[in-house]
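Enquirer: Going left to right, the sequence shown walks through residues 154 to 635 as my numbering numbers them. Glycine included, each C-beta is placed from N, C-alpha and C at the ideal position.
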Amino acid sequence: MTTFTHYINGSWVTPVHNETITVENPATKETIATTPSGTAEETRQAVQAARSAFGSWSQTPASERAGYLSRIADLFEQNKDHLARTLTEENGKVLALSEAEVDTAVDYFRYMAGWARKYEGEILNSDRSNENIFVMKKPIGVIGGIIPWNFPIFIFARKVAPALLTGCTAVIKPAQVTPVTAGEMMKLIHSIGLPDGVLNIVYGKGSSVGSTLASHENIGMVSMTGSKPAGTAVMEAAAQTMTKVNLELGGKAPAIVTKHADLDTAVENIYQSRMINNGQACTNAERVYVHEDVAEAFTKRITEKMKQATYGDPLQDSDADIGPLVGQEQLDSVTDMVNEAVKAGAFVETGRTPAENTDGYYFEPTVLSNVTQDMNVIQQEIFGPVLPIVTFQTMDEVIEKSNDTEYGLSSSIFSENMHEIMKAVNGLEFGETFVNRENFEAIQGFHAGRKQSGIGGADGRHGLEEHLETHVVYMQYKDDIQ
Numbered sequence: 154m155t156t157f158t159h160y161i162n163g164s165w166v167t168p169v170h171n172e173t174i175t176v177e178n179p180a181t182k183e184t185i186a187t188t189p190s191g192t193a194e195e196t197r198q199a200v201q202a203a204r205s206a207f208g209s210w211s212q213t214p215a216s217e218r219a220g221y222l223s224r225i226a227d228l229f230e231q232n233k234d235h236l237a238r239t240l241t242e243e244n245g246k247v248l249a250l251s252e253a254e255v256d257t258a259v260d261y262f263r264y265m266a267g268w269a270r271k272y273e274g275e276i277l278n279s280d281r282s283n284e285n286i287f288v289m290k291k292p293i294g295v296i297g298g299i300i301p302w303n304f305p306i307f308i309f310a311r312k313v314a315p316a317l318l319t320g321c322t323a324v325i326k327p328a329q330v331t332p333v334t335a336g337e338m339m340k341l342i343h344s345i346g347l348p349d350g351v352l353n354i355v356y357g358k359g360s361s362v363g364s365t366l367a368s369h370e371n372i373g374m375v376s377m378t379g380s381k382p383a384g385t386a387v388m389e390a391a392a393q394t395m396t397k398v399n400l401e402l403g404g405k406a407p408a409i410v411t412k413h414a415d416l417d418t419a420v421e422n423i424y425q426s427r428m429i430n431n432g433q434a435c436t437n438a439e440r441v442y443v444h445e446d447v448a449e450a451f452t453k454r455i456t457e458k459m460k461q462a463t464y465g466d467p468l469q470d471s472d473a474d475i476g477p478l479v480g481q482e483q484l485d486s487v488t489d490m491v492n493e494a495v496k497a498g499a500f501v502e503t504g505r506t507p508a509e510n511t512d513g514y515y516f517e518p519t520v521l522s523n524v525t526q527d528m529n530v531i532q533q534e535i536f537g538p539v540l541p542i543v544t545f546q547t548m549d550e551v552i553e554k555s556n557d558t559e560y561g562l563s564s565s566i567f568s569e570n571m572h573e574i575m576k577a578v579n580g581l582e583f584g585e586t587f588v589n590r591e592n593f594e595a596i597q598g599f600h601a602g603r604k605q606s607g608i609g610g611a612d613g614r615h616g617l618e619e620h621l622e623t624h625v626v627y628m629q630y631k632d633d634i635q
C-alpha cells in the first residue's frame, strides 16, 4: 500500500496530524493507498509558498517556463504505462482510456508550451499628443486548482500547464477518491528541478482544503472542475475576497437524432459518448432525443450495442469495454435514478441492475425507453452507463426539450440535413455542440459551459487567457529631448 504526503515549497511535508483518507480500487474494493487529510493551516502554508515563488517565477522568461512544461511532458510520456495503470487502479476506467488520458496530458503540456511566444498585449492610439497606451497581459497570481476524480491526470494538466506557462504558481487539491495519480505525477515533476513553491499539492477534503483555497486572500483564481454543489460552495467562499473563479461543473448533454440521421453513425458515436469513462464524464451523452420516424430502429440498434458491452476489472480483463463506477456512493446514485424512472413508467430495454457476481462497483449498461421529460434521468446527471431515450416530432420541439435543463455544457446532433444542423447549432444553449461525432473536445478549442454548468472555460487561447489579467499603461513622453 502506498502512502503520500503533501508537497509544499519543493518538499514532501509531514502532515500535522494522523488523520488519513483511504483510497480503494473500485474494481476490487481493496485499499491501495492513504493520503493525509489536510488542514486549513497546511493549505495556507502551501498558498504562502506559492505566493513567495510568484515574484521570481512570473519574471522568468515565458520561453524558459515553457521548457519546464516540455520536460514534464517528456517524463509523463516516458512513464506512461505506470501512470496509466495507477489511474486505472484508483479510478476503474479501462486501461486503454487511461493510456489515452496520459497521452492527452502530454499533448496538453506541449501545446501550452508552444504558446510561450504567442500570447501578447496591445498598443493603442491615445486621444492625447505624445502618449501611447499599452495593454499588458500579466499572470493573475496563485492558482488554486481543484481536481475531479473522473479525469485526474488530464485535468491536472489542464490546470497546471496554462498556469505555469503564463507565470502563475499553483496549489493543487486532488480529489479524495483519486489522489494517487497526483502524487505519482508530482514525483516526476519534482525530479526536473522546478523552483520551490511554484507547484504545490495538498491532499484533503473540500470542506477544509478546498474552502481555504477558495477564500484565501492570496489566491488569484480558483479553478475547479466538479459538481454543481461543490462549485456553488467555491463561489460562496471566493466571494469573501472577490477572487476570480473558473468553474467547470455538471452537464446533461442531449444527443439529437433526426429523421435524416445516418443511424450507423449515430449509434456508434452516441454509444462512445455515453460509455466513455463508464459514463462518468460531464460531457457524456446523458439523454437521447430521437425523431419518432426512426425511434424504433435506433432504439433496437443502440440496445444491441449496449447489450454487447462487457465489463470487468480493467487490470485483469483487457477485453472489458467498461470497468466499475468509482465507488459505492456513485453506484447507489445510478441505481436509485434508474429504479425511480422505471417506477415512473420507463421501460428497460436492457440492463438496469448492479452487475452480479462481481467484487467491485459495477452497473450493467442500460437503455431506457418510454422516458418523459420530467423524469430525473432527463433532468439530472446520471453519471453512469445509462441511456434514456425520448422521442420528438419537430426541430422546435427537440431544441426546446434539449434546453430544458439547468445545465449547458455539451450537446450533439446527428443529421445529414444541413438545415436541421444549423437550426440546432443556433438554437441550442450549450457551450459545445458536436455534429455527427462523439463528444470529445480538442485541446485547441474552448471547453466552457453555459447556465449552471460553469463560469469561464479551458483550452486553447481563450483558456490560456483565463490565467492573465489586463494592465493598462498610459505612457506620456516629451518632444523636447535634450
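Please look up how many angstroms separate the CB atoms of residue 588 and residue 566, rounded, as I've assumed it's under 8 Å.
Expert: 6 Å
Enquirer: Is there a C-beta anywhere in chain C that falls below 8 Å from the one on residue 509?
Expert: Considering every chain present, this structure includes no chain C. It has just one protein chain.
Enquirer: Answer with buried or exposed for residue 154, where buried requires no fewer than 16 other C-beta atoms within 10 angstroms of its C-beta.
Expert: exposed
Enquirer: Can you tell me whether residue 363 is buried or exposed, with buried defined as 16 or more other CB within 10 angstroms of its CB?
Expert: buried
Enquirer: My understanding is that residue 479 touches residue 179, with C-beta atoms under 8 Å, so please give their C-beta distance in whole angstroms.
Expert: 5 Å
Enquirer: Would the segment 241 to 256 and the segment 425 to 439 be scored as touching if the rule is three or more Cβ pairs under 8 Å?
Expert: yes
Enquirer: In terms of residues, what are the limits of the beta strand (DSSP E) holding residue 522?
Expert: 519 to 522
Enquirer: Beta-carbon separation of residue 545 and residue 521 under 8 Å?
Expert: no
Enquirer: For residue 174, name the three-state secondary structure that DSSP assigns.
Expert: strand
Enquirer: So within the segment 561 to 609, which uninterrupted alpha helix (DSSP H) runs reach at least 4 residues, ignoring any that extend past its ends?
Expert: Those alpha helix (DSSP H) runs which fall completely within the segment 561 to 609 and span 4+ residues are 571 to 580.
Enquirer: Quick one: is residue 209 buried, meaning 16 or more other Cβ sit within 10 Å of its Cβ, or exposed?
Expert: Around the beta carbon of residue 209, a 10 Å sphere encloses fewer than 16 other beta carbons of the protein chains shown; the residue is thus reported as exposed.
Enquirer: Quick test of the definition: if touching needs 3 or more C-beta pairs under 8 Å, does the segment 474 to 494 touch the segment 506 to 515?
Expert: As far as the Cβ criterion goes, the segment 474 to 494 touches the segment 506 to 515, which means the pair count is three or higher.
Enquirer: Can you check which of these residues, 532, 219, 379, 156, is closest to residue 347 by C-alpha distance?
Expert: 219
Enquirer: Are residue 543 and residue 554 closer than 8 Å when you measure CB to CB?
Expert: yes
Enquirer: For residue 168, which of helix, strand or coil comes out of DSSP?
Expert: coil
Enquirer: I'd like to know if the segment 328 to 344 and the segment 304 to 318 are in contact, where contact means that at least 3 CB-CB pairs between them fall below 8 Å.
Expert: Yes: the two stretches touch, three or more of their Cβ pairs being nearer than 8 Å.
Enquirer: Which ranges does the alpha helix (DSSP H) cover as unbroken runs of at least 4 residues, wholly within the segment 530 to 558, from first to last along the chain?
Expert: 548 to 556
Enquirer: Under DSSP, the alpha helix (DSSP H) around residue 641 begins and ends at which residues?
Expert: Nothing about residue 641 can be reported from this structure: the residues present for the chain run from 154 to 635 only.
Enquirer: Bridge partners for residue 354 per DSSP, in chain order?
Expert: 160, 325
Enquirer: For the alpha helix (DSSP H) containing residue 277, list its first residue and its last residue.
Expert: Taken as a continuous stretch (DSSP letters only), residue 277 belongs to no alpha helix (DSSP H), being part of the beta strand (DSSP E) at 275 to 278.
Enquirer: Can you tell me whether residue 382 is buried or exposed? The criterion is at least 16 other CB atoms within 10 Å of its CB, across all chains shown.
Expert: Counting Cβ neighbours within 10 Å, residue 382 comes out exposed, since fewer than 16 surround it.
Enquirer: How big is the Cα-Cα spacing for residue 445 and residue 597?
Expert: 37 Å
Enquirer: With DSSP collapsed to three states, give me the class of residue 447.
Expert: Coil at residue 447, not helix or strand.
Enquirer: In chain order, what residues of the same chain have a beta carbon less than 8 Å from the beta carbon of residue 494, not counting five sequence neighbours either side?
Expert: 521, 524, 528, 529, 530, 541
Enquirer: Which residue's Cα is closest to the Cα of residue 458: 323, 418, 490, 483?
Expert: 418
Enquirer: From residue 377 to residue 317, what does the alpha carbon distance come to, in whole angstroms?
Expert: 16 Å
Enquirer: Would you please state the rounded distance, in angstroms, between the beta carbons of residue 375 and residue 297? I believe it to be under 8 Å.
Expert: 4 Å
Enquirer: So what's residue 315 in DSSP terms, helix, strand or just coil?
Expert: helix
Enquirer: Tell me whether residue 262 is buried or exposed, calling it buried when 16 or more other Cβ atoms sit within 10 Å of its Cβ.
Expert: Answer is buried; the Cβ neighbour count reaches 16.
Enquirer: Can you give the Cα-Cα distance for residue 289 and residue 275, rounded to whole angstroms?
Expert: Residue 289 and residue 275 have their C-alpha atoms roughly 7 Å apart.
Enquirer: Could you check whether residue 599 and residue 615 sit closer than 8 Å to each other, using their CB atoms as the reference points?
Expert: Result yes, Cβ atoms of residue 615 and residue 599 sit closer than 8 Å.
Enquirer: Could you tell me which uninterrupted alpha helix (DSSP H) segments, each at least 4 residues in length, are contained entirely in the segment 193 to 244, listed from first to last along the chain?
Expert: 193 to 212, 215 to 231, 233 to 244
Enquirer: Taking all protein chains shown into account, decide if residue 260 is buried (16 or more other Cβ within 10 angstroms of its Cβ) or exposed.
Expert: buried
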